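Residue numbers (the working numbering): 157 to 273. Have a look at the structure below before the remarks.
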Amino acid sequence: MSIAAGAAIAGTGAVSSLELAGNAVVSRAKADGWVTALQADSLSTGGTLTVELTGYTVGDLEAVLPLIRTPSTVDVSQVTVTVDGQTLPGVRAVARVDQGQNVLGVKYFSGTLISVF
157 MSIAAGAAIA GTGAVSSLEL AGNAVVSRAK ADGWVTALQA DSLSTGGTLT VELTGYTVGD
217 LEAVLPLIRT PSTVDVSQVT VTVDGQTLPG VRAVARVDQG QNVLGVKYFS GTLISVF
């Protein structure tokens with residue numbers, strides 16, 4: 157499945173291959189009630205991506221909201237997150253490994269970590 161620049165993908169389920177062009181959008185609305193990630197057996201990205209969340213509060217995002225699960229590497233530095241059209245401080249894309257799969261998700265970080273060396 158290929159998602160062109162400016163086009164969006166939403167939902168759960170499984171696809172064998174997912175190609176996200178640069179400036180593609182991954183969309184998730186709280187009202188849809190989806191809590192599991194889309195499984196993509198292969199994922200390729202062509203640059204920056206946007207995750208557009210609708211209806212979520214920062215409290216909803218204190219636990220990771222999983223979006224895409226894949227064996228492919230996910231570069232979160234290329235992902236911008238918006239909530240109801242706004243960029244919120246502390247809401248970021250995250251990648252974690254779960255049972256050998258990479259999971260792209262969104263999480264709210266409430267504080268700042270300061271390291272002193």
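C-beta atoms are modelled at their ideal positions from N, C-alpha and C, and glycine is treated no differently. No experiment lies behind these values; they were computed from the predicted model shown.
Its chain contains 181, 183 as the residues whose beta carbon lies nearer than 6 Å to that of residue 164, once the 5 sequence neighbours on both sides are disregarded; these appear in chain order. For the pair residue 179 and residue 203, the Cα-to-Cα distance works out to about 7 Å. For the pair residue 225 and residue 273, the Cα-to-Cα distance works out to about 36 Å. Here residue 215 carries a helix assignment [DSSP, helix/strand/coil]. If you draw a straight line from the Cα of residue 237 to the Cα of residue 198, it is about 22 Å long.
Along the length of the stretch 180 to 246, whole alpha helix (DSSP H) runs at least 4 residues long do not occur. The three-state reading of DSSP puts residue 177 in coil, since its state is none of H, G, I, E or B. The alpha-carbon of residue 260 is positioned some 19 Å away from that of residue 245.
Going by C-alpha positions, residue 167 is about 15 Å away from residue 262.
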